[in-house]
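Okay, so here's the structure we're looking at.
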Amino acid sequence: MARTEPAAAGAAAPTATYEVTALRYGSLRATREALYYRWGSYGEPDGELEMAYYFWLLRNAERTVLVDTGFATAAAERRGRTVLVDPVEALASVGVEPAEVDTVIVSHFHYDHVGNLDAYPDAELVVGQTELDFWTGPLARRAQFAPHVDQPDIERIAEAVAAGRARTTRGEEEVLPGVRSIEVGGHSPGQLLLVIDADDGGRVVLTSDAVHFYEEMDTDRPFGVIADLGAMYSAYDTIATLAGEGAAIVAGHDPAVMERFAGEGGAEEFAVQVRGRKR
0 MARTEPAAAG AAAPTATYEV TALRYGSLRA TREALYYRWG SYGEPDGELE
50 MAYYFWLLRN AERTVLVDTG FATAAAERRG RTVLVDPVEA LASVGVEPAE
100 VDTVIVSHFH YDHVGNLDAY PDAELVVGQT ELDFWTGPLA RRAQFAPHVD
150 QPDIERIAEA VAAGRARTTR GEEEVLPGVR SIEVGGHSPG QLLLVIDADD
200 GGRVVLTSDA VHFYEEMDTD RPFGVIADLG AMYSAYDTIA TLAGEGAAIV
250 AGHDPAVMER FAGEGGAEEF AVQVRGRKR
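One point on numbering: in numbering that gives the first Met the number 0, the residue at position 163 of the sequence shown is 162, and numbering is uninterrupted.
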């Protein structure tokens, strides 16, 4: 189980708060029927829905951390997704080069979250043990699971673990000072959400795909890609509790993220500062 190392005797404790930025790099035009689980059971008309693709940046004076890395352009083309900007270029737009990234935390192993890991060869990976076990196991090849990942991405993660360049987490724990992961499952067997202490005194929950759209939680209607429906509903409850405690909730694929947080630190074309002191 992953543990952050304590500071050496006499050394200053590491900074445990962050500026949190969402970076949007892709999109998909679809319908609720296509995206939601059993939409027809609600007895409501279908309608268009835009799905945004994000990854997230955590920064302080000592660390530059990514949560996920987005999809690769080739993967987007195969799946009919629109690339708004290469994720590495989106990162550069906020002044970060790949070599500056210390840590990549992987929320889950789907193609749109781990497609550019090779751009960060020197970064430590933090991955969920449950997610790793599932996607390197026999069930991952089944027809209802396999389309959601690209096998070379899984192999790259497994190689990093074997080489000691990755560490694993399970359940709920602090994976970095000020960054807590909670394994909720649901969408993917080992889906993680991240709770981050922001440097303005607030707290941020990066739901990743535990919640794609805010309306999922508002209407209690699950997204259509599911590993465990009960766990998905329970994840909604966990996130609702965190919201009730005052945390800012960042949905994983909702275009509204860009507008909802634009007032915090200002929005750029591909990035919005969710929480943190204005730079």
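Backbone N, C-alpha and C fix where the C-beta goes; we use that ideal spot for every residue, glycine too.
These figures come from a predicted structure and were not determined experimentally.
According to DSSP, which residues form a beta bridge with residue i?
i: alanine 157; result: None; alanine 157 has no bridge partner.
i: phenylalanine 54; result: Leu22
i: glutamine 272; result: Thr20
i: serine 180; result: Glu172, Leu193
i: glycine 127; result: Thr168
Can you list, in chain order, the residues of its chain whose CB lies under 6 Å from that of residue i, leaving out five sequence neighbours each side?
i: glycine 223; result: Leu34, Tyr35, Tyr36
i: valine 100; result: Thr63, Leu65, Tyr119, Ala122
i: arginine 80; result: Gly25, Leu27
i: leucine 116; result: Thr68, Arg155
i: leucine 205; result: Trp55, Val66, Leu193, Val249
Can you tell me the Cβ-Cβ gap for residue i and residue j, rounded? I've got them flagged as a contact below 8 Å.
i: alanine 91; j: alanine 270; result: So it is not a contact: roughly 11 Å between Cβ atoms.
i: phenylalanine 70; j: glycine 25; result: 7 Å
i: glutamate 171; j: threonine 129; result: Rounded, the Cβ-Cβ distance is 12 Å, inconsistent with contact.
i: alanine 230; j: methionine 216; result: The Cβ separation is near 15 Å, so there is no contact.
i: glycine 251; j: serine 207; result: 5 Å
i: glutamate 61; j: proline 97; result: Rounded, the Cβ-Cβ distance is 18 Å, inconsistent with contact.
i: valine 95; j: leucine 56; result: 7 Å
i: leucine 191; j: serine 106; result: 5 Å
Put residue i into one of helix, strand or coil per three-state DSSP.
i: leucine 83; result: coil
i: phenylalanine 133; result: helix
i: tyrosine 235; result: helix
i: glycine 39; result: helix
i: alanine 261; result: helix
i: glutamate 171; result: strand
i: methionine 0; result: Its pLDDT being 39, under 50, methionine 0 is placed unreliably by the model, and the measurement read from it follows with that caveat. Correct three-state label for methionine 0: coil.
i: valine 100; result: coil
i: threonine 218; result: helix
i: threonine 206; result: strand
i: glutamate 49; result: strand
i: arginine 140; result: helix
i: tryptophan 76; result: It should be pointed out that residue 76 corresponds to glutamate in this sequence rather than to tryptophan. Helix, per DSSP.
i: glutamate 244; result: coil
i: alanine 15; result: coil
i: arginine 31; result: helix
i: valine 256; result: helix
i: alanine 145; result: helix
i: alanine 226; result: coil
Could you name the residues of the same chain whose beta carbon sits closer than 7 Å to that of residue i, not counting the 5 residues immediately before and after it, in chain order?
i: threonine 16; result: Asn59, Gly177, Asp196, Ala197, Asp198
i: valine 273; result: Val19, Thr20, Ala21, Val203, Ala247, Val249, Phe260, Glu263
i: alanine 74; result: Tyr110, Gly114, Asp149
i: isoleucine 153; result: Phe108, Trp134, Thr135
i: alanine 1; result: Any answer about alanine 1 is weak, because its pLDDT of 41 lies below 50 and its placement is not dependable; what the coordinates show is given next. The answer, listed in chain order, is Val125, Arg166, Thr167, Thr168, Glu172, Val174.
i: glycine 201; result: Ala247, Arg274
i: leucine 83; result: Arg23, Tyr24, Gly25, Ser26, Phe269
Keeping to the same chain, check which residues put their C-beta closer than 8 Å to that of residue i; ignore five residues upstream and five downstream.
i: tyrosine 232; result: Gly185, Asp219, Pro221
i: aspartate 45; result: Thr30, Arg31, Glu32, Trp38
Hey, is the stretch 144-152 in contact with the stretch 101-110, meaning 3+ C-beta pairs nearer than 8 Å?
yes
- Query: Below 8 Å, can you find three or more Cβ-Cβ pairs linking the stretch 164-173 to the stretch 209-224?
  - Reply: no
message: With three or more C-beta pairs closer than 8 Å as the rule, is the stretch 41-51 touching the stretch 246-260?
response: A contact exists between the stretch 246-260 and the stretch 41-51.
* Asked: Does the pairing of the stretch 126-143 with the stretch 152-163 give three or more beta-carbon distances under 8 Å?
  -> yes
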